[in-house]
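Enquirer: Handing you a structure now.
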Amino acid sequence: MVQGWQTPLWMTNTLELIGQMAIPLMLITLGVALARLTPENVVRAVFVSCVKFFICIGIAFSIGQFFELAPIALAVLVLQVSTPVAVTSYLLAEKYGAEAGEVAGLVVVSTLLSVVTISITLAFLV
């Protein structure tokens, strides 16, 4: 980049507005996928969310212990991996022809379960 050079203000503002539309549009597409969600997908999503929660926390805790992380760093690591599945996972599944319906269910179920799972994780970490 040439030092001191800036994009024109109109271009910067336009690109920022376009960038700010990304997450709302992702949520709209997720909502469309949820309209097609079946009960089997919800049951599978609950199972996968619970498995993900325990496996990820176990792996994160083991890695933290292996590298002898400070207690606060270990707590941050464990808490970070206990977060729900991101909405971008649905977009990637849709783009690459994977099971987008199941991923949409997983995003919603893991987000709803995170109210309980993150609370439990925090209770054990504090």
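Going by my numbering, the first residue of the sequence shown is number 3, and it counts up by one from there. Idealized CB from N, CA, C, for every residue including glycine.
Using the Cα positions of phenylalanine 63 and glutamine 8, report the straight-line distance between them to the nearest angstrom.
Expert: Cα to Cα, the separation comes out at about 45 Å.
Enquirer: Looking at the structure shown, is valine 87 part of a helix, part of a strand, or coil, going by DSSP?
Expert: Valine 87 falls in the coil class under three-state DSSP.
Enquirer: Exposed or buried, which one is glycine 103 when buried takes at least 16 other CB atoms within 10 Å?
Expert: Per the 10 Å Cβ criterion, buried.
Enquirer: For the alpha helix (DSSP H) that contains tryptophan 12, what are its first and last residues?
Expert: Per DSSP, tryptophan 12 belongs to the alpha helix (DSSP H) from 11-22.
Enquirer: Please identify the residue among Ala35, Pro73, Leu79 whose C-alpha is closest to the C-alpha of valine 89.
Expert: Answer by Cα proximity: Ala35.
Enquirer: So is isoleucine 122 in contact with chain D if we call contact Cβ pairs under 8 Å?
Expert: Absence of chain D from the displayed structure is noted, only one protein chain being present.
Enquirer: Note down the Cα distance separating isoleucine 82 from threonine 119, rounded to an integer number of angstroms.
Expert: Going by the sequence as given, residue 82 is glutamine instead of isoleucine. In a straight line, the C-alpha of glutamine 82 is about 12 Å away from that of threonine 119.
Enquirer: Looking at the secondary structure, which residues open and close the alpha helix (DSSP H) in which glutamate 42 lies?
Expert: 41-68 is the extent of the alpha helix (DSSP H) around glutamate 42.
Enquirer: With a Cβ-Cβ cutoff of 8 Å, do alanine 77 and leucine 127 count as a contact?
Expert: Cβ distance < 8 Å, so alanine 77 and leucine 127 count as in contact.
Enquirer: Assess contact between the segment 42-56 and the segment 101-115, defined as three or more Cβ pairs (one per stretch) separated by less than 8 Å. Is contact present?
Expert: Judged by Cβ distances under 8 Å, the segment 42-56 makes contact with the segment 101-115, as three or more pairs qualify.
Enquirer: Helix or strand or just coil, what does DSSP make of alanine 100?
Expert: Alanine 100 falls in the coil class under three-state DSSP.
Enquirer: So the candidates are Ser116, Ser121, Thr123, Leu108; which of them puts its Cα closest to the Cα of valine 45?
Expert: Of Ser116, Ser121, Thr123, Leu108, the residue nearest in Cα terms is Leu108.
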